[in-house]
Amino acid sequence: CLKTLVGHTGGVWSSQMSGTTVISGSTDRTLKVWNAETGQCIHTLYGHTSTVRCMHLHGNKVVSGSRDATLRVWQVSTGECLHVLVGHLAAVRCVQYDGKLVVSGAYDYMVKVWNPEREECLHTLQGHTNRVYSLQ
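Under full-length UniProt numbering, the letters of the sequence shown match residues 1 to 136, in that order.
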């Protein structure tokens with residue numbers, strides 16, 4: 001073990017890594033941005049009101065999904081919340097982000113396609129008969 005990243009006050013449910021940057025999401029309702037080489041916490045991202053269950057890192061942005069039924073788009077370098085996506089009726093469990101569109105799956109049995117810049121849901125894909133746990 002080269003480094004142990006210590007700082008969350010709850011369990012870690014999700015993480016992503018790119019280069020020397022690690023991002024973790026926790027039951028403490030925060031995301032933390034870490035330098036993997038030094039083990040230092042660079043930013044703590046506040047805004048979710050429940051557990052951060054999933055995230056997807058793309059370039060200098062990370063999209064997080066939470067049990068609070070929202071998604072948030074964050075600027076990794078500054079820790080700023082850029083956009084909040086509201087529309088799921090239950091916990092968001094999975095998310096994908098390609099730099100333009102966000103796709104999310106939730107415990108409301110729905111998959112949603114978003115334009116994060118406009119904070120707009122473009123499509124709601126219905127028909128699942130149970131919670132959506134994973135997107136690829």
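Glycine is no exception: its CB is placed at the ideal position from the N, C-alpha and C atoms.
Quick one: using the 10 Å Cβ neighbour count with 16 as the cut-off for buried, is residue i buried or exposed?
i	result
D98	exposed
K32	buried
R118	exposed
For the candidate residues the options, whose alpha-carbon lies nearest to that of residue i?
i	options	result
I23	W34, G65, S134 and V103	W34
T124	S66, V111, Q96 and G39	V111
V95	G87, V86 and A106	A106
A36	Q136, T70, E80 and T20	T20
V103	V6, M55 and L5	M55
C41	A69, D68 and V6	V6
R29	H128, D68 and H83	D68
Report all residues from its chain with a CB closer than 8 Å to the CB of residue i; omit the five preceding and five following residues, and keep chain order.
i	result
T78	H43
S26	H8, T9, G10, G11, V12, W13, K32, T51 and V52
How far does the beta strand (DSSP E) with residue i in it reach, from first residue to last?
i	result
V33	L31 to N35
L125	E120 to L125
Excluding the five sequence neighbours on either side, which residues of its own chain have a C-beta within less than 6 Å of the C-beta of residue i, listed in chain order?
i	result
K3	G39
W114	L85, V102 and C121
Check your understanding: Taking the runs of the beta strand (DSSP E) that are 3 residues or longer, which of them lie wholly in the stretch 16-96?
Key -> 21-26, 31-35, 41-45, 52-58, 61-66, 70-75 and 81-86
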